Ligand SMILES: [Zn+2]
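Numbering (my numbering), first residue to last: 103 to 418.
(1) Do the region 254 to 273 and the region 213 to 228 touch if we need at least three Cβ pairs shorter than 8 Å?
(2) Would the region 164 to 182 count as touching the region 379 to 393 if we require 3 or more Cβ pairs under 8 Å?
(3) Contact check, residue 401 vs residue 208 under 8 Å by CB: the rounded distance?
(4) Under 7 Å from any heavy atom of ligand 1, does the C-beta of residue 338 make it?
(5) Using the Cα positions of residue 357 and residue 349, report the straight-line distance between them to the nearest angstrom.
(6) Under a Cβ-count criterion, where at least 16 other Cβ atoms within 10 Å of its own Cβ denotes burial, should residue 135 be classed as buried or exposed?
(7) Thinking C-alpha only, which one of 305, 341, 311 and 337 is nearest residue 359?
(8) When you compare only the Cα positions, how much space is there between residue 223 and residue 304?
(9) Would you check whether ligand 1 has a heavy atom nearer than 7 Å to the C-beta of residue 386?
(10) For the region 246 to 255 and the region 192 to 212, state whether three or more C-beta atom pairs, one from each stretch, are separated by less than 8 Å.
(11) How is residue 294 classed by DSSP in three states: helix, strand or coil?
(12) DSSP beta-bridge partners for residue 310?
(13) Out of 162, 206 and 275, which has the shortest C-alpha to C-alpha gap to residue 182?
(14) Is it a yes or a no for the region 147 to 161 touching the region 185 to 195, going by three-plus beta-carbon pairs under 8 Å?
(15) Grouping DSSP H, G and I as helix and E and B as strand, with all else coil, what is residue 239?
(16) Using DSSP bridges, identify the partner residues of residue 144.
Below, the structure written as structure tokens:
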């Protein structure tokens, strides 16, 4: 009898200790100055990677367009539109890469959301002329080529725009975001130097690519891009266009026809067979596959792979 009473008391005591112990924990956390992380939504991969490098562990980062999905093809789901109500920052590229963005932002009921059009202030080039295409197709593209991130100088500007938004949303951590941005800018400048150096001795400057995504890259490094399709990968080239490309590839004795990881290599293969060239990947970074992400690839490593592919294609 006595023993069981003692047991009961000790169980009660343990419960009280556990309970009070449990209670004291959140108090410690608030004393530890761990503010809530910024909830950040990004549209497609480079926006995600730039935000990650600037915000690091101070942000809770979401990629809206899932791995393996081509950015030009995607539309937001009702689920994502609902989740966005709680977001602090929304980052998108702009220039019609995300034709759904206006519909999305109009539907969000939030007075705290900071919206960043990351291409603001980048050096723009005009979109390719689409002489023989339907008018409705032309309307789908903006006036400018949207693929600004493929020039590392524009990537720096995009990361800077993202940094400014994080500071606006979270002033307390200004120095943290500034330092991360500076560090990332140094890496992007080093990438740019590497491109300039390693492409300076290229034997030729012409490349044939799957869709016209590389205008900013070829402009920056003195190359010339000819695309199988237009600014968006869905456009099918005409027979005349394919004949013209075959001519071009033969004239410049091209050894490689480039294709992308997220779209079919069929047309590149047809063209390569026609001119006796091989096919190789040139990645426009509109999205990475899950395998690429699992392998630890990011904007800088993929751009380095692109450089290696270009050197091989232009030097042989
Ligand atoms: Zn594109």
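Every residue gets a Cβ at the ideal spot worked out from N, C-alpha and C, and that includes glycine. Predicted model, so just to flag it, every value in this text is computed and none were measured.
Result, derived from the coordinates:
(1) yes
(2) yes
(3) About 30 Å separates the two Cβ atoms, so there is no contact after all.
(4) no
(5) 13 Å
(6) For residue 135, the pLDDT reaches just 42, beneath the cut-off of 50, and the residue's location in the model is therefore unreliable, although a value from the coordinates is still provided. Residue burial is scored here from C-beta neighbours: residue 135 has fewer than 16 other C-beta atoms within 10 angstroms and is therefore classed as exposed.
(7) Closest by alpha carbon: 311.
(8) 31 Å
(9) yes
(10) Judged by Cβ distances under 8 Å, the region 246 to 255 makes contact with the region 192 to 212, as three or more pairs qualify.
(11) helix
(12) 328
(13) 206
(14) yes
(15) Confidence at residue 239 is low in this model, with a pLDDT of 45, below 50, so the placement of that residue is unreliable and no value is reported for it.
(16) 165 and 193
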